[in-house]
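So for the sequence shown, this note's numbering puts the first residue at 1; every next one is plus one. Note that CB positions come from ideal geometry on N, CA and C, so glycine has one too. What follows is a short report on a single structure.
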Amino acid sequence: MDAGFVVGLSVIIIMLFGLLMERFRLPMVLGILMAGALMGPASPLKDVHLGPLDLGALVLQDSSTVESFALLGSVLILFGIGLEFSIVKLAKTGLSVFLAAFIKLGLTYLAGYLVATFMGMNTAAAVLLGFMLSFSSTPIIIKILEGSGKLRRPEATFIIAVLILEDLAAVALLGIMANTGLSDNYAVAWSLFKVAVAFVVAYLALSRLMRWLLSMVEHSDELLVLFSVGMVLLVSYACSAFGLGFSVGSFLAGSAVAATPEAKRIIELIRPFNALFVSFFFFSIGMLVDGGAAAQAWPFLLGLLLVAVVGKMIASAASAYLIGFSGQSAAFAASALLPMGELSLLIGAAAASQGLLPAGLVGLLALVIVLTSVTSVALVGRESEVYNMGRDVMPSLVLRNMSSLRSTSIGMQRAVEENSRYDRIISRIPSVGAPAYTSHDRLGRALANTALFGVLASVFLMAWRLLMPIPDSPPSLFYLVLFFGFFILATFTLVNVSSALRIYTRLLRNSGRMGIEGLVHFGASILFAGLLMAVWLAALLLSERSLLILLAPLLLLGFVHLKTLAERLRIAALGWAR
C-alpha cells in the first residue's frame, strides 16, 4: 500500500474508534488498541467479504509506515514522562511511595517469575518476563483516570508517583537491554552505572544547557515546539550512540527540560503532537495482537493474565494498604494500576532481538495490555465492590495479619523519616506534619531501625552467598537485585547508627556536657565513615569485583562524611577549653 494511504486510513480508523469510545464514555486509548488489533496483519477481517467488497484489502499487511510514526510516539511518551519527573516533587511524596513501589514491583515480579518458570521458560526469560509484567502503563492509566473523572482523587498522587518510579526502573532495564542484555555481571553493573551517570549529567549539565537554549526560542511557540522535538530526537540518538538506548535518551531529554521554567508551556504546546503520534504508538501495539496465536497458546496466555490481573491487583492493593491507605482506597489504586506498561513491549522487543525471548511473546504481551486495560476500565470506580469481594475471599487470619503489619509499617515509616538522613535531605521541603516524639523516643526508634535493617541486610547477604553455588541458579540480574538490596539495607543500618549517635549528642548538649558532646560527635563521624568503608571492603572480599561499580556511591558517601570530622573535632576542642 502507498504510505499516504496507510497513514490516512489509520487516522480515520483511529478517529472512528475514538468516537465509539467517547460514545460509551470509555478511554480513547482502549479504542485505539482495538483499532490496531482490527487492522493489523492478523486481523479477523482479512478473509471477510461483503459481497464484492473485500475487507481484507483494507488490512495493513506492511506496518513499516505505522512503526515509523509509532517510534516518534514512543519518543514523545517517554519525553512526556520525563517532563513530569521532578526529584523535588517525588521527594515530597515521602519514603512511603518508595516502599509501595518496591512491594508492588517485588510481589508481581515474584509471581511472574514463578509462573514463567512453571511454564517451562529458562531462567533469563523468566526474570525478564517477571519484570515486564510488574510494570504499569503511565499514559494508559492517566487516560483512564481522566476519562472516568478520577484524576483528582487523593489516591491519584500516590498512583502517579508509583508510576514514575516504575518508569525509572523500566528505563534502567532498557539501558541494560540496549547494551548486552543479561550476558554477565560486569555488563549489567556497567549499564546501570552508565544510566545513573546519565541522570546526573542530565540534571547537572543538560538541564542548564536546555535552560540557556530555551531562552533563545521562548518568544515563539513554533520555535519552542521545533526545538523541543528536535532536541529530544538529538539527545535520544546521542544516548543510543553511547549504548544507553533511544528510550533512555527520550526520558533524559524530558527530565532536563522539566527543570526549566518553560516545562509547563512545552507540555501544552506538544499536546496536539502527542494526540497524533502517541495514537500511532498504541495503534501499532494493537497491530501486534494475533488472535490465532493467542488461541493456540491459551495456557500460557492464561498464566500471563493470572499474574497481570490477579497477582498485580494483590500486590498493588497490599502496597497501598501497608503505607496507610484504607481498604477501599487500596482497592481503587489496585484497579487503576492494572494496565501493563507499554515500556514492557520495548523491553520485550529488545530481548527478542537478542534471542532471550521468543518473538511471538511480544504479540501476547500486546494482547495482555489490551485485556488489562479493559479490566481496569471495568473496575475503576467500583472500589467498594472490589474491596468487599477481596475481603470475602481473603482468609480472616491473613486480614488480621495485614492489619497488624499495616500498623507496624506506618510506625516504621514515621520513625525512618524522622530519624534518617532522608529527613535532613528534604528538610527544606514543607511537610504534612507528624506526631512529635521525645528525644529518648527517637533514640529508641533509631536503635530499633538499626537492628531491623541490620537483620534484613544480613538476610540479603546470606541469600546472595547461599544461592551462588547452585549450578542452575538465577542469572546475574537476580544476583544483582540481592546484592543491591544488601547494599541499600546496609547503608540504612549505618545511617540509623549515625542518627542514634546524633540524637545522643543532643541529649548531652541539653545536659550541658559540651566536651563530651564534641567527643561523641567526632567519634560518631569516625564510626560512620569506618563502617561505610567496612561494607565496601566486605563487598570486595565477598562478591564479584564487577559489582563494585555499584558501590562507588557508598564509598563517595564515606569520603563526604569525613569532611565533617574537622568540624566535630573543633567543637570538641572548644568544649574542652571551656
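Close beta carbons around residue i, own chain, < 6 Å, minus the five adjacent residues each side
i: F332; result: E155 and E383
i: V370; result: L33
i: I140; result: V29, P339 and S373
i: F300; result: M119
i: A37; result: G286 and V289
i: G311; result: T108 and A111
Local conformation of residue i per DSSP, three classes
i: M21; result: helix
i: M121; result: coil
i: A434; result: Below a pLDDT of 50, predicted positions are generally treated as unreliable, and A434, at 36, falls in that range; no measurement from the model is reported.
i: M231; result: helix
i: S137; result: coil
i: M216; result: helix
i: M287; result: helix
i: M210; result: helix
i: M394; result: coil
i: P475; result: Annotation note: pLDDT 45 at P475 (below 50); position unreliable, coordinate value reported separately. Coil.
i: S10; result: helix
i: Y422; result: Low confidence applies here, because Y422 scores a pLDDT of 45, under 50, leaving its location unreliable; read the following figure in that light. In the structure shown, Y422 sits in a helix (DSSP, three-state: H, G or I).
i: I470; result: Note that I470 scores 48 on pLDDT, short of 50, meaning its location in the model is unreliable and no value can be drawn from it.
Option in the options with minimal Cα separation from residue i
i: F251; options: L168, L452 and G381; result: L168
i: S373; options: N401, P339, G363 and N388; result: P339
i: K150; options: A101, A336 and L361; result: A336
i: L305; options: Q61, Y237, T108 and S74; result: T108
i: S255; options: S228, S403, G454 and F277; result: S228
i: D47; options: G36, V59 and A37; result: V59
i: I266; options: R23, L76 and L128; result: L76
i: A352; options: A35, L129 and L72; result: L129
i: F131; options: L357, L110 and I81; result: L110
i: V29; options: E342, R406, V393 and F460; result: E342
i: G381; options: L357, A334 and V398; result: A334
i: L99; options: S236, F24, G355 and V162; result: V162
i: L174; options: G80, R211, V310 and Q354; result: Q354
i: V235; options: L213, L206, V225 and R211; result: L206
i: L405; options: L356, I347 and L322; result: L322
i: V171; options: A350, V393 and A70; result: A350
i: A308; options: F277, S137 and G73; result: S137
i: A593; options: A70, S215 and V455; result: The chain is shown from 1 up to 578; residue 593 falls before or after that span and cannot be answered.
i: L357; options: N122, L224 and E222; result: N122
i: Q328; options: V386, T260, A258 and S215; result: V386
i: M579; options: A37, L133, S74 and F277; result: With the chain represented from 1 up to 578, any question about residue 579 goes unanswered, as that position is not in the structure.
i: I347; options: S74, D392 and L213; result: S74
i: A330; options: R153, P395, P272 and V6; result: R153
i: F158; options: V97, I176 and L209; result: V97
i: S220; options: T260, M231 and L269; result: L269
Sequence-distant residues of its chain with Cβ nearer than 7 Å to residue i (five each side left out)
i: K291; result: It should be pointed out that residue 291 corresponds to Gly in this sequence rather than to Lys. The answer, listed in chain order, is A42 and P44.
i: V200; result: none
i: A297; result: L364
i: A238; result: G249
i: A126; result: Y113, A116 and T117
i: L78; result: S247, S250, F251 and G254
i: G31; result: F17, G18, L20 and M21
i: I81; result: T138, D167, F251 and G254
i: V362; result: L288, L345, G348, A349 and A352
i: A436; result: With a pLDDT of 44 at A436, under the threshold of 50, the predicted position of this residue should be treated as unreliable, and no value is reported.
8 Å Cβ shell around residue i - same chain, five flanking residues per side excluded
i: L26; result: G147 and V377
i: I470; result: Here the model assigns I470 a pLDDT of 48, short of 50, so the residue's position is not dependable and the matter cannot be decided.
i: E262; result: L214, E218 and L224
How about the stretch 309-320 and the stretch 138-146: do they share at least three Cβ pairs that are nearer than 8 Å? no
The stretch 287-297 / the stretch 360-367 touching (three or more Cβ pairs under 8 Å): yes
Report yes or no: do the stretch 10-21 and the stretch 268-285 share at least 3 C-beta pairs separated by less than 8 Å? Segments in contact, yes.
Quick one: which unbroken alpha helix (DSSP H) runs of 4-plus residues sit fully inside the stretch 287-326? Chain order, please. 291-296, 298-305 and 312-322
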